[in-house]
């Protein structure tokens, strides 16, 4: 059961279309899992429609918003470049279980370029056709930890598979986590299975501790 959700302000921004494309993707991925938040978005759209005296059926607005995101990806994402494919860390079988938006962004799993950030953590950036946010998949090995870090901006994290925990709680498939500057944590995957997350950043992470201070000069935001 989903325990962690976007707050009402984020849902209102999503429903109003005032959120960046990258962050809208994060909300849309959570909505795939969460009927409670889908109902809130429908209610917000219905209220907004009544206030604007429009005839747009509220039940179709969420789908239309997702269509706009798909069109943005198709229209602006650069064409794929033929390169030798690395070993796939996201299998075609797993892709079939992903939300439609994530599956579209993944494309051919064999062409994902995974970067190892630590012995227990890999990341691959996804091409989204926008320039404000870095949209990525993060894979944490079972029992693995992410280095302790703060946030220079907003970070949306949605669990796609497995689970991880920090000092605030445990996050499972569909759960949504929003971190902002001043919120420091050390995510750790549960011991029983790998954890796969969809993340959206509008500013680089700020790693803490001695090792973090050595890493930070090389940390850059990479929208694509």
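Numbering (our numbering), first residue to last: 3 to 226. The beta carbon of each residue, even a glycine, is placed where N, CA and C say it ideally should be. Bear in mind the structure is a predicted one, so any value in this text is a computation, not a measurement.
Spatially closest choice to residue i from the options, by CA coordinates
i: residue 214; options: 200, 225 and 151; result: 151
i: residue 99; options: 48, 189 and 162; result: 162
i: residue 108; options: 138, 122 and 120; result: 138
i: residue 130; options: 226, 110 and 15; result: 226
i: residue 119; options: 106, 105, 110 and 140; result: 140
i: residue 205; options: 182, 41 and 46; result: 182
Assumed close pair residue i, residue j - CB separation to whole angstroms, cut-off 8 angstroms
i: residue 166; j: residue 7; result: Rounded, the Cβ-Cβ distance is 17 angstroms, inconsistent with contact.
i: residue 23; j: residue 132; result: 4 angstroms
i: residue 227; j: residue 196; result: Nothing can be reported for residue 227, as the shown portion of the chain is limited to 3 through 226.
i: residue 156; j: residue 187; result: Rounded, the Cβ-Cβ distance is 14 angstroms, inconsistent with contact.
i: residue 222; j: residue 190; result: The Cβ separation is near 25 angstroms, so there is no contact.
i: residue 13; j: residue 39; result: 6 angstroms
Coarse secondary structure for residue i, derived from DSSP in three states
i: residue 4; result: coil
i: residue 171; result: strand
i: residue 115; result: coil
i: residue 127; result: strand
i: residue 39; result: helix
i: residue 137; result: strand
i: residue 26; result: helix
i: residue 120; result: strand
i: residue 17; result: helix
i: residue 110; result: coil
i: residue 84; result: Here residue 84 scores only 36 on pLDDT, less than 50, and its place in the model should not be relied on; the value that follows carries that caveat. Of the three classes helix, strand and coil, the one that applies to residue 84 here is coil, per DSSP.
i: residue 215; result: helix
i: residue 147; result: strand
Spatial distance of residue i from residue j (CA atoms)
i: residue 176; j: residue 216; result: 33 angstroms
i: residue 5; j: residue 199; result: 16 angstroms
i: residue 2; j: residue 103; result: With the chain covering only 3 through 226, there is no way to say anything about residue 2.
i: residue 77; j: residue 29; result: Model confidence at residue 77 stands at a pLDDT of 48, short of 50, so the residue's coordinates are unreliable and nothing is read from them.
i: residue 168; j: residue 127; result: 23 angstroms
i: residue 3; j: residue 194; result: 18 angstroms
i: residue 48; j: residue 208; result: 39 angstroms
i: residue 135; j: residue 203; result: 5 angstroms
i: residue 34; j: residue 27; result: 11 angstroms
i: residue 113; j: residue 122; result: 21 angstroms
i: residue 101; j: residue 174; result: 15 angstroms
i: residue 105; j: residue 158; result: 18 angstroms
i: residue 232; j: residue 149; result: For the chain, the structure presents residues 3 to 226; residue 232 sits outside this window and is missing.
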